[in-house]
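Chemist: At position 86 of the sequence shown the residue is numbered 85 (numbering that gives the first Met the number 0), and the sequence of numbers has no breaks.
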Amino acid sequence: MGNTMALVVADNRQNPLTPSGLQYGFTLIELMVTVAVLAIVLTVAVPSFASLVNSNRLNAQANQLLAAIEYAKTEAVKNNTVITFCHSDDGSTCSAAGTAGWQGWLIGVAANPTGIEAGSTMRAGTLESAQLVIRGSETLTNAGDQIRITPQGLLRTDARLPLQATLRVCHPTSSINPNSRNVRIRSGGQLAVIGEQNDGCPAP
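Right under this line is the structure:
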């Protein structure tokens, strides 16, 4: 009996290295420092991330336009026929872009004198983000926002004249520099995407 009591007393003794009631966590000062550091990081990181996202949107939209025109050139040469790349509001007929800029585009067999033949639509696309604006240069606007591509892969206006034009994809913000991508179109069929800063996103 005595031995048993001694054992119990020994088990209840506290280890001086692990005092009872010891709690682990952060002090108020440590929490305040952590919150302050986090606020600084977010202040720097959030605008940078937003700028990256918007820049990627610009690149994606500009590259989509370039790829669409390249596709139209390929189809014109492959099928030995005139193909039209044009602005379209409804995805089925060519139309002139309004003051809001390009809302979509269309590719099909060219009709005479303008537009595409009914039922000949090959591809269609739309403006991917409401935050972006697409505007055409004056030469493209004067051509009815249409590009006729010959069987030789040459780019022409609706009047069959050599076309030098630009489609500008722009984000109306100062947080991106450059905030626009110019899809440059040359009559010989050469295409290029060039970054450029354009406050207010005017037509090229």
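Cβ coordinates follow ideal geometry from the N, Cα and C atoms, glycine included. All values derive from a computational prediction rather than experimental measurement.
1. I'd like the list of long-range same chain contacts for A109, defined as Cβ closer than 7 Å, with 5 residues on each side in sequence excluded.
2. Select from T149, T125, R56 and A164 the residue whose C-alpha is nearest the C-alpha of W101.
3. Suppose you measure from the CA of N197 to the CA of V168; what does that come to, to the nearest Å?
4. With T138 as the anchor, note down where its alpha helix (DSSP H) starts and where it stops.
5. Please list, in chain order, all residues of the same chain as A202 whose beta carbon is under 6 Å from its beta carbon, the five residues on each side excluded.
6. For chain C, is any of its Cβ atoms less than 8 Å away from the one on C169?
7. For G118, count neighbouring Cβ atoms within 10 angstroms of its own Cβ and tell me buried if that reaches 16, exposed if not.
8. Over the uninterrupted beta strand (DSSP E) stretch that includes N181, give me the two end residues.
9. Contact between the segment 161-181 and the segment 90-98 is defined here as three or more beta-carbon pairs at a separation below 8 Å; is this criterion met?
10. Please report the distance separating the alpha-carbon of R180 from that of H170.
11. Could you spell out where the beta strand (DSSP E) holding L153 opens and where it closes?
12. From which residue to which residue does the beta strand (DSSP E) around C85 run?
13. Could you give the distance in angstroms between the alpha-carbon of V192 and the alpha-carbon of N62?
14. Is the segment 56-70 in contact with the segment 172-187, if contact means three or more CB pairs nearer than 8 Å?
15. In the DSSP assignment, what are the bridge partners of W104?
16. To the nearest angstrom, how far is the alpha carbon of A71 from that of V34?
17. Verify whether the separation of the beta carbon atoms of A123 and G152 is less than 8 Å.
18. Are there 16 or more other CB atoms within 10 angstroms of the CB of A158, so buried, or fewer, so exposed?
Modeler: Quick look at the numbers:
1. V81, I82, T83, I115 and R147, listed in sequence order.
2. Taking each of T149, T125, R56 and A164 in turn and checking the Cα distance to W101, the smallest one comes out for T125.
3. Near 10 Å, if we compare the C-alpha coordinates of V168 and N197.
4. Per DSSP, T138 is one residue of the alpha helix (DSSP H) stretching across E137 to N141.
5. Same-chain partners within the cutoff: R134.
6. You won't find chain C in this structure, because it holds only one protein chain.
7. When all chains shown are included, G118 counts as exposed.
8. Where N181 is concerned, the enclosing beta strand (DSSP E) starts and stops at S179 to I184.
9. No: fewer than three Cβ pairs fall under 8 Å.
10. Rounded to the nearest whole angstrom, the C-alpha separation of R180 and H170 is 9 Å.
11. Element bounds for L153: n/a, residue is neither H nor E.
12. Residues I82 to H86.
13. Roughly 8 Å separates the two Cα atoms.
14. By the Cβ rule, the segment 56-70 counts as touching the segment 172-187, because three or more pairs are nearer than 8 Å.
15. Beta-bridge pairing links W104 to H86 and G124.
16. Across the structure, A71 and V34 are spaced so that their CA atoms are roughly 55 Å apart.
17. The answer is no: Cβ separation not under 8 Å.
18. Exposed, since its Cβ has fewer than 16 Cβ neighbours within 10 Å.
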